[in-house]
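Report on one structure; see the data block that follows.
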Amino acid sequence: MPHTYRALASELVRLRALTSERAEAGLAKVAEWGDLDEEAELPDLFEALREFGLTIHVPDKVNTLLDGYTWLIEEAVACAGGSMIIDDIELFEDEDDEDEDDLLHFRRDGHSIWWSLEHQSARYLDLMTVWENLHDLAPGGSDPRGYFQIMEEGQGSVGYYLLITPEQARALRDGLGLPLDEHGIFGPPGNPPTAEPGTLDYYMQDDRRYMDDESCAFLDAWLADMDAELDRWRARHLPADFPFDFTPASLSALKALLLAGPDLPDDFADGAVRYIGETAVRTWPCRWAYRHSRGDNPYTGVPLIRSNTPGDLMSVVVPRDIIEALLSGRDPGRLNEDLEEIPDAVSRYERAVSLKNG
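Numbering (the working numbering), first residue to last: 30 to 387.
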């Protein structure tokens, strides 16, 4: 198929990525700077996609950081067709402490979102964080569209992202040869939490938006059996003088048992996972989480602890990994160091809220 602007518009209409009216309006804009029936180079086709209102462009250089993020967010809202409302955009830069990340806050449909940013200059956005959090700017819910990056050589996270469905992306790759990433970036599934923001119920509801039925069933059973399994573990495996009080101090006694590794029963680690996690949950604002997967991702297929903080300010602790490190003798300091990530995340979030509230 010829790479002309008119052919591109026709294919987008056929795929139902565009209405005929939007295609005609876009072609009228393209006609101001290009011939609609001459074969176009890929960079010009990308500009045409922007005229059709199907892309957002992540800039590599901006006038000010706040202007750059605001422009990107507003472009995403327009691209999504007004299916989400984003407001209260603020950037907090800590000029007194170079070790602290800058923070971007905005509300999506009334729910606060925070991005933790590292800036090398006042003219360049944190492109990696934008890419990692672009799902916050995608429609989500029942809308099947996601952002598919147009893969231009050497661009990294900068460049164009096309908002279409996976089927439309596949058709544009195969039919027009557009260099689109095979893996789209999609918005949050399901409805937003109804619980009071910042509460345990809020974070648990938000987790479940991303969980399949198998994940939900596992987590429900894991939590329902918690007390009984811990009592059984204690009776079978712990010495009588073990300080079974779920305090951080009691973890020193647990670590001593784990470092004795070779003589421990095979099922000792299962109870230790529960004890470490429950100690965290009873000490700091955090919760159990689980996401089923048969892949190699270290954060799937095992019970996790997540800090009760917004996504980009959240820390995740994997008790199973801590135990394996201790049993192997690779890292005897791992237990305390990993768990400290939870209160550290809470402190970062408290700092963010304090900055916003002035």
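Note that beta-carbon positions come from the ideal geometry of N, C-alpha and C, so glycine has one too.
Remember, it's a predicted structure, so these values are computed and weren't measured experimentally.
Rounded straight-line distance, which links the Cα of Val159 to that of Asp116
17 Å
For Leu205 and Leu355, I'd like the C-alpha separation in whole angstroms.
54 Å
Under three-state DSSP, which class holds Ala352?
Per the sequence shown, residue 352 should be read as Ile rather than Ala. If DSSP states are grouped into helix, strand and coil, Ile352 belongs with the helices.
Ala38 and Gly55: beta carbons closer than 8 Å?
The criterion of a C-beta distance shorter than 8 Å is satisfied by Ala38 and Gly55.
To which residues of the same chain is Asp235 closer than 6 Å at the C-beta, ignoring the five residues directly before and after it?
Residues of the same chain with a CB within less than 6 Å of the CB of Asp235, apart from the 5 flanking positions on each side, are Pro222 in chain order.
So that I know if they touch, is there some Cβ in chain D lying closer than 8 Å to that of Ile305?
Among the chains in the structure shown there is no chain D, since it carries only a single protein chain.
Is Ala318 closer than 8 Å to Leu342 when the C-beta atoms are compared?
no
Using a Cβ-Cβ cut-off of 6 Å (strictly less than) and excluding sequence neighbours within five positions of Tyr189, which residues of its own chain qualify?
Once the five neighbours on either side are set aside, the close Cβ partners of Tyr189 are Phe75, Thr84, His86 and Ile179.
Bridge-paired residues (DSSP) for Val345
Arg335
Own chain residues within Cβ distance below 6 Å of Thr99, not counting five before or after:
Ile118
Spatial neighbours of Met240 in its chain, beta-carbon cut-off 7 Å, leaving aside the 5 residues before and after
Arg320
Using the DSSP secondary-structure output, state which residues sit across from Trp144 in a beta bridge.
Leu133
Residue range of the alpha helix (DSSP H) that Ala60 falls in?
Here Ala60 belongs to no alpha helix (DSSP H), and DSSP marks it neither H nor E.
Opening and closing residue of the beta strand (DSSP E) in which Glu119 lies
Ile115 to Phe121
Leu201 - containing alpha helix (DSSP H), residue span
Where Leu201 is concerned, the enclosing alpha helix (DSSP H) stretches over Pro195 to Leu205.
Whose CA, out of His266, Leu288, Arg335 and Val347, lies closest to the CA of Val302?
Val347
Quick check for students: name the residue ranges of the beta strand (DSSP E) that lie wholly in the segment 41-110, counting only runs of 3 or more.
84-87
DSSP beta-bridge partners of Leu191
Thr84 and Phe177
Exposed unless 16 or more other CB atoms sit within 10 angstroms - verdict on Thr308
By the 10 Å Cβ count, Thr308 comes out buried.
Nearest neighbour of Ala151, chosen from Gly300, Lys90 and Ala381 [CA to CA]:
Lys90
Based on DSSP bridge pairs, tell me the residues matched to Arg316.
Arg335
Using three-state DSSP, classify Leu154 as helix, strand or coil.
coil
Exposure label - Thr338; buried when at least 16 CB within 10 Å:
buried
To the nearest angstrom, report how far apart Trp143 and Arg199 are at their CA atoms.
32 Å
For Leu209, which three-state DSSP category applies?
strand
Work out the CA separation of Asp292 and Arg263 for me, nearest whole Å.
Cα to Cα, the separation comes out at about 17 Å.
Take the Cβ of Asn162 as the centre, count every other Cβ of all protein chains shown within 10 Å, and call the residue buried at 16 or more, exposed below.
buried
Proximity winner among Asp299, Asp249, Cys245 and Phe247, relative to Leu267 (alpha-carbon distances)
Comparing alpha carbon positions, the residue from Asp299, Asp249, Cys245 and Phe247 closest to Leu267 is Asp299.
Look at the alpha carbon of Lys385 and the alpha carbon of Pro226, and state the distance between them as a whole number of angstroms.
16 Å
Buried or exposed: which applies to Ile352, given that a residue is buried once 16 or more other Cβ atoms fall within 10 Å of its Cβ?
buried
By how many angstroms is the C-alpha of Asp274 removed from the C-alpha of Gly213?
46 Å
So within the segment 238-265, which uninterrupted alpha helix (DSSP H) runs reach at least 4 residues, ignoring any that extend past its ends?
Within the segment 238-265, the complete alpha helix (DSSP H) runs of at least 4 residues are 242-253.
Compare the beta carbon distance of Asp130 and Glu147 with 8 Å and say whether it is the shorter of the two.
The answer is yes: Cβ separation under 8 Å.
So the alpha helix (DSSP H) Leu280 belongs to, where does it begin and stop?
Ser279 to Leu288
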